[in-house]
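K.L.:
Numbering (my numbering), first residue to last: 27 to 436.
Glycine included, each C-beta is placed from N, C-alpha and C at the ideal position.
Quick one: the structure is below, questions incoming.
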């Protein structure tokens, strides 16, 4: 295990989606697995990832951005895996990166399939409601693109769109040697810990917004420019201007934060702490106290793809369905129309196992994974679920919030 830890250069905000644009030509000879659809274990939207890779493939370490590190083996590639603070819990300290070595063939296959998906741009079709890239599975099948077309059986539900079958016929079964699975989707739905947590309000606590029936789940502490903020989902504010509202841990208590920023497509708000309240890196305990679980990292996009390939699980704590765990399904998904708030969202983390993972009231919570006995890393938020297809929970990825809005969970 490598142990080097160095600072990330100030102002660095590199988009991971551009990090491997030169690998395509060298990857051709390693892409045979992507054409062998006989080996694929993910054949439809309703099937789960059955091929289990080797959990924790590779070794971890730390590296400085912009400094080339020597590859220990020609068949391995070092990737940025997670971000953390040099001094955990101090948002003013420098950000460092944890790295991991993954199979080079897997990395090349992943990057090539990302470029193919981007070129095809299925998201631009008005009859497409969902797109996901399933990365190559470690030791198993190659990549697959999954496309969900909007349910419109006879064309009457959406007269301006083709019927369901016509839409399916417009989607190819394969693009550039990568198989495409087509399924149907409907409108996505947005949607324990009901205690007064006092001055330090943790992720997972009940969050009120001043409506008689409006409640959600507190998100994790957000940090930017050395300052810390509360966060939760944006769609809970319906058609109001969120920046005219306040956040409450309990309706009859003093407000804990003034909403100062609102992002509809990313579905989160930022609230400045008031009345002596402070956000915390610790997660809520169901008994009304702070648990020992503490946020110390957030995952990169490459790390989340690796977790899909390893058939790993993510966990959330929400007010309505409490703590649930399910398989991560997508690291960079797309969803179309939603019932409340802004649709057409990119960079979605999708996970889940059944219809008990998410209900209205859980929105705003974070989805995470343990990285130590009492430490967790954030994958993203939980904003809604697909009520028809496998009840998959979706939410904005932590890496996209950092790359596009400048906020981190560390």
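Quick one, are the C-beta atoms of residue 396 and residue 377 less than 9 Å apart?
P.N.:
Taking the chain shown and counting its residues from 1, the one referred to as residue 396 is at position 370. Taking the chain shown and counting its residues from 1, the one referred to as residue 377 is at position 351. Cβ distance not < 9 Å, so residue 396 and residue 377 don't count as in contact.
K.L.:
Give every residue of the same chain whose Cβ lies closer than 6 Å to the Cβ of residue 346, excluding the five residues on either side of it in the sequence, and list them in chain order.
P.N.:
Counting from one through the chain shown, the residue named residue 346 turns up at place 320. Only 385, 387, 388 meet the Cβ criterion.
K.L.:
Whole beta strand (DSSP E) runs in the segment 374–399 with 3 or more residues, listed along the chain?
P.N.:
For the segment 374–399, whole beta strand (DSSP E) runs of length 3 or above, ordered along the chain, are 392–396.
K.L.:
Which first and last residues belong to the alpha helix (DSSP H) in which residue 426 is found?
P.N.:
Start at 1 with the first residue of the chain shown, and residue 426 comes out as number 400. Run containing residue 426: 424–431, per the alpha helix (DSSP H) assignment.
K.L.:
Would you list the residues sitting across from residue 113 in a DSSP beta bridge?
P.N.:
As a working mapping, residue 113 is identified with position 87 in the chain shown. Residue 113 pairs with nothing; no bridge assigned.
K.L.:
I need the boundaries of the beta strand (DSSP E) containing residue 254, first residue and last residue.
P.N.:
Translated into the one-based positions of the chain shown, residue 254 becomes position 228. Where residue 254 is concerned, the enclosing beta strand (DSSP E) stretches over 253–258.
K.L.:
DSSP three-state call for residue 203: helix, strand or coil?
P.N.:
If you number the chain shown from 1, residue 203 lands on position 177. Of the three classes helix, strand and coil, the one that applies to residue 203 here is coil, per DSSP.
K.L.:
Secondary structure at residue 265, three-state DSSP: helix, strand or coil?
P.N.:
Against the chain shown, residue 265 aligns to sequence position 239. Residue 265: coil per DSSP, three-state reduction.
K.L.:
Below 8 Å, can you find three or more Cβ-Cβ pairs linking the segment 169–180 to the segment 141–158?
P.N.:
Verdict: yes, contact present.
K.L.:
What residue range is occupied by the uninterrupted beta strand (DSSP E) comprising residue 316?
P.N.:
Position 290 of the chain shown, counted from the first residue, corresponds to residue 316. Here the beta strand (DSSP E) through residue 316 covers 316–325.
K.L.:
If you run the structure through DSSP and keep just helix, strand and coil, what is residue 227?
P.N.:
Along the chain shown, one-based indexing puts residue 227 at 201. Three-state DSSP puts residue 227 in a strand.
K.L.:
Of the residues 125, 175, 144, 383, which one's Cα is nearest the Cα of residue 358?
P.N.:
Translated into the one-based positions of the chain shown, residue 358 becomes position 332. Nearest of 125, 175, 144, 383 to residue 358, Cα basis: 144.
K.L.:
Closer than 7 Å by C-beta to residue 431: which residues in its own chain qualify, once you throw out the five before and the five after it? Chain order, please.
P.N.:
Counted from its first residue, the chain shown places residue 431 at position 405. Around residue 431: 289, 292.
K.L.:
Do you know offhand how far residue 339's Cα is from residue 333's?
P.N.:
Here the question's residue 339 lines up with position 313 in the chain shown. Here the question's residue 333 lines up with position 307 in the chain shown. Taking the straight line joining both Cα atoms gives about 8 Å.
K.L.:
Residue 260 to residue 295, Cα distance in whole Å?
P.N.:
The residue given as residue 260 occupies position 234 in the chain shown. The residue given as residue 295 occupies position 269 in the chain shown. Approximately 5 Å, taken between the alpha carbons.
K.L.:
The alpha helix (DSSP H) with residue 142 in it runs from where to where?
P.N.:
What you label residue 142 is simply residue 116 of the chain shown in a count that begins at 1. Note, residue 142: alpha helix (DSSP H), 130–146.
K.L.:
Residues in the same chain with beta-carbon distance under 6 Å from residue 101, minus the five sequence neighbours each way, listed in chain order, please.
P.N.:
On the chain shown, residue 101 is found 75 positions in, with the first residue counted as 1. Once the five neighbours on either side are set aside, the close Cβ partners of residue 101 are 130.
K.L.:
Of the choices 403, 401, 400, 421, whose alpha-carbon is the least far from that of residue 410?
P.N.:
Here residue 410 refers to the residue found at position 384 of the chain shown. Ranking 403, 401, 400, 421 by Cα distance to residue 410 puts 421 first.
K.L.:
In whole angstroms, give me the CA-to-CA distance for residue 183 and residue 212.
P.N.:
The residue you call residue 183 lines up with position 157 of the chain shown. The residue you call residue 212 lines up with position 186 of the chain shown. Cα to Cα, residue 183 sits roughly 11 Å from residue 212.
K.L.:
Suppose the cutoff is 8 Å on Cβ atoms and the five residues either side in sequence are ignored; what does the same chain contact list for residue 437 look like?
P.N.:
Given a span of 27 to 436 for the chain in the structure shown, any question on residue 437 remains unanswerable.
K.L.:
So, is residue 407 buried or exposed, given that buried needs 16 or more other C-beta atoms within 10 angstroms?
P.N.:
Taking the first residue of the chain shown as position 1, residue 407 is located at position 381. The residue is buried, with at least 16 neighbouring Cβ atoms inside 10 Å.
K.L.:
Over the uninterrupted alpha helix (DSSP H) stretch that includes residue 190, give me the two end residues.
P.N.:
Start at 1 with the first residue of the chain shown, and residue 190 comes out as number 164. From DSSP, the alpha helix (DSSP H) with residue 190 extends over 190–196.
K.L.:
Whole angstroms are fine: how far does the CA of residue 223 sit from the CA of residue 433?
P.N.:
Position 407 of the chain shown, counted from the first residue, corresponds to residue 433. Position 197 of the chain shown, counted from the first residue, corresponds to residue 223. When rounded, the distance between both Cα atoms is 24 Å.
K.L.:
When the Cα atoms are used, what is the spatial distance from residue 321 to residue 247?
P.N.:
Stepping through the chain shown from its first residue, residue 321 is reached at position 295. Stepping through the chain shown from its first residue, residue 247 is reached at position 221. About 9 Å.
K.L.:
Which value, in whole angstroms, describes the spacing of the CA atoms of residue 191 and residue 178?
P.N.:
The count along the chain shown starts at 1 and reaches residue 191 at position 165. The count along the chain shown starts at 1 and reaches residue 178 at position 152. Distance between the alpha carbons of residue 191 and residue 178: 8 Å.
K.L.:
Comparing the C-beta of residue 133 with each C-beta of chain B, is any distance below 9 Å?
P.N.:
The structure shown contains no chain B, having only a single protein chain.
K.L.:
Beta carbon of residue 244, beta carbon of residue 268: below 9 Å?
P.N.:
Taking the chain shown and counting its residues from 1, the one referred to as residue 244 is at position 218. Taking the chain shown and counting its residues from 1, the one referred to as residue 268 is at position 242. For residue 244 and residue 268, no; Cβs fall outside 9 Å.
K.L.:
Just to confirm my understanding: we take residue 424, look at its own chain, exclude 5 residues before and 5 after, and list those with CB closer than 7 Å. What are they?
P.N.:
Translated into positions along the chain shown, residue 424 becomes position 398. Same-chain partners within the cutoff: 324, 325, 404, 405, 406, 435.
K.L.:
Grab me the residues of residue 317's own chain with a C-beta within less than 8 Å of its C-beta, minus the 5 sequence neighbours each way, in chain order.
P.N.:
Reading the chain shown from its first residue, position 291 is the one you call residue 317. Counting only Cβ-Cβ distances below 8 Å, and skipping sequence neighbours, we find 228, 308, 309, 310, 311.
K.L.:
With 16 other CB atoms within 10 Å as the buried threshold, where does residue 152 fall?
P.N.:
On the chain shown, residue 152 is found 126 positions in, with the first residue counted as 1. By the 10 Å Cβ count, residue 152 comes out exposed.
K.L.:
Rounded to a whole number of angstroms, what is the C-alpha to C-alpha distance between residue 399 and residue 319?
P.N.:
Numbered from 1 along the chain shown, position 373 holds the residue referred to as residue 399. Numbered from 1 along the chain shown, position 293 holds the residue referred to as residue 319. Those two C-alpha atoms are separated by around 8 Å.
K.L.:
Measuring CA to CA, which of 301, 154, 390 is closest to residue 361?
P.N.:
Counted from its first residue, the chain shown places residue 361 at position 335. Residue 154 is the option with its Cα nearest to residue 361.
K.L.:
Name the two residues that bound the continuous beta strand (DSSP E) containing residue 250.
P.N.:
Taking the first residue of the chain shown as position 1, residue 250 is located at position 224. First-last of the beta strand (DSSP E) with residue 250: 248–250.
K.L.:
Only counting runs of 3 or more residues, tell me where the beta strand (DSSP E) segments fall wholly within the segment 328–357, in order along the chain.
P.N.:
DSSP runs (the beta strand (DSSP E)) wholly in the segment 328–357: 339–344.
K.L.:
Hey, how far is the Cα of residue 265 from the Cα of residue 271?
P.N.:
Sequence index remark: in the chain shown, residue 265 carries index 239 (1-based). Sequence index remark: in the chain shown, residue 271 carries index 245 (1-based). Their backbone Cα atoms lie some 12 Å apart in a straight line.
K.L.:
Buried or exposed: residue 199, going by 16 or more other Cβ atoms within 10 Å of its Cβ?
P.N.:
In the chain shown, counting from the first residue as 1, residue 199 sits at position 173. Answer is exposed; the Cβ neighbour count stays below 16.
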